[in-house]
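**Q** Mind having a look at this structure? Questions to follow.
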């Protein structure tokens with residue numbers, strides 16, 4: 620069974636791609652990759668989270684929910700990670716490793732022969748993606764390794780090694796949308812494990828939300844987001860302290876850290892976009908190895 624939050628993220632990418640406004644991130648495979656049945660399921664899910672307004676069309680609740688709670692997080696983080704991969708592939712081979720890949724479609728959209736993609740996720744997700752990839756690409760198969768993993772039990776190092784990962788090649792490790800559900804100490808154990816197998820000039824990219832933004836006030840956007848993910852069966856943990864994030868990153872083998880605040884994200888990705896802005900309290904992190 621595919622994660623409900625993964626379906627919602629794919630829905631958001633598809634909606635933004637087909638929007639007439641200026642694009643921050645385009646994913647032409649999002650809708651076809653998910654499939655019509657699951658796409659409709661995701662849209663129905665989105666409609667549940669905001670009340671309808673009489674003056675708005677039928678799809679308004681879904682669109683409003685996507686604009687307020689999904690796009691401000693999803694668009695900048697996907698664009699950020701893929702811009703880094705694109706910059707690195709221009710100077711040679713690079714491995715792009717997506718931990719908790721969900722329904723990410725980079726492997727389908729990638730046109731560079733310099734990029735080798737490794738997607739790590741649960742068995743059910745991988746089976747779904749393999750089947751959909753075969754259906755969409757009957758002649759040309761994307762350059763991607765689907766790696767089945769249970770993050771609670773399996774070693775990332777051994778799973779990647781068995782899949783053909785080369786520790787001597789530069790890599791970009793994407794851990795997007797993961798920190799929301801894992802306590803900070805456990806999350807950085809994963810960072811430390813990755814650091815052991817990453818070649819020099821590799822990078823790790825992740826996002827997190829600030830601890831001080833986590834409030835008991837149910838009217839805050841982050842509190843509402845926690846309610847939404849909980850209703851999808853995926854409970855968010857407390858936010859992270861930015862100072863602690865920086866300290867733990869350096870203790871985990873990171874050589875260089877660059878933390879993009881919501882203001883930085885606004886300036887980088889939303890300065891020319893109509894009606895969208897960075898999600899309050901959510902950061903993007905670039906870690907150089």
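Residue numbers (our numbering): 620 to 908.
From the three backbone atoms N, C-alpha and C, an ideal C-beta is built for every residue, glycine too.
#1: Is it buried or exposed, residue 751, if we count other Cβ atoms within 10 angstroms and call 16 or more buried?
#2: When burial is assigned at 16 or more other CB atoms within 10 Å of the CB, is residue 854 buried or exposed?
#3: In the DSSP output, what is residue 793 paired with across the bridge?
#4: Just the Cα atoms here: how many angstroms apart are residue 825 and residue 815?
#5: Answer with buried or exposed for residue 663, where buried requires no fewer than 16 other C-beta atoms within 10 angstroms of its C-beta.
#6: Which word fits residue 624, buried or exposed, when buried means at least 16 other C-beta atoms lie within 10 angstroms of its C-beta?
#7: Excluding sequence positions up to five away, which residues of its chain have a Cβ less than 7 Å from the Cβ of residue 691?
#8: Could you tell me which of 704, 790, 711 sits nearest to residue 728, measuring between CA atoms?
#9: By DSSP's criteria, residue 764 is part of a beta bridge. Which residues make up the other side?
#10: Have a look at 758, 720, 653, 665 and flag the residue whose alpha-carbon is nearest the alpha-carbon of residue 792.
#11: Is there contact between the segment 734–741 and the segment 708–723, where contact requires at least three CB pairs shorter than 8 Å?
#12: Enumerate in chain order the residues of its own chain whose CB-to-CB distance from residue 673 is below 7 Å, with the five nearest sequence positions on each side excluded.
#13: With distances taken between CB atoms, is the gap from residue 813 to residue 775 smaller than 8 Å?
#14: How is residue 902 classed by DSSP in three states: helix, strand or coil?
**A** So, from the data block:
#1: Locating residue 751 in the chain shown gives position 132, counting from the first residue. With 16 or more other Cβ atoms within 10 Å, it is buried.
#2: Sequence index remark: in the chain shown, residue 854 carries index 235 (1-based). Flag for residue 854 reads exposed.
#3: The count along the chain shown starts at 1 and reaches residue 793 at position 174. According to DSSP, which records beta bridges pairwise, residue 793 is partnered with 717, 824.
#4: Position 206 of the chain shown, counted from the first residue, corresponds to residue 825. Position 196 of the chain shown, counted from the first residue, corresponds to residue 815. Rounded to whole angstroms, residue 825 to residue 815 spans 17 Å at the Cα level.
#5: By one-based count along the chain shown, residue 663 stands at place 44. Burial call: exposed.
#6: In the chain shown, counting from the first residue as 1, residue 624 sits at position 5. Counting Cβ neighbours within 10 Å, residue 624 comes out buried, since at least 16 surround it.
#7: Along the chain shown, one-based indexing puts residue 691 at 72. So the qualifying residues of the chain are 895, 896, 897, 898.
#8: By 1-based counting over the chain shown, the position of residue 728 is 109. Selected option, being the one with the closest Cα: 704.
#9: Within the chain shown, residue 764 is the residue found at index 145, counting from 1. DSSP output for residue 764 lists 737 as bridge partner(s).
#10: On the chain shown, residue 792 is found 173 positions in, with the first residue counted as 1. That would be 720, whose Cα lies nearest to the Cα of residue 792.
#11: yes
#12: In the chain shown, counting from the first residue as 1, residue 673 sits at position 54. Its pLDDT being 48, under 50, residue 673 is placed unreliably by the model, and the measurement read from it follows with that caveat. Contacts found: none.
#13: Translated into positions along the chain shown, residue 813 becomes position 194. Translated into positions along the chain shown, residue 775 becomes position 156. In this structure, residue 775 lies closer than 8 Å to residue 813 by Cβ.
#14: On the chain shown, position 283 is the one that residue 902 refers to. Of the three classes helix, strand and coil, the one that applies to residue 902 here is strand, per DSSP.
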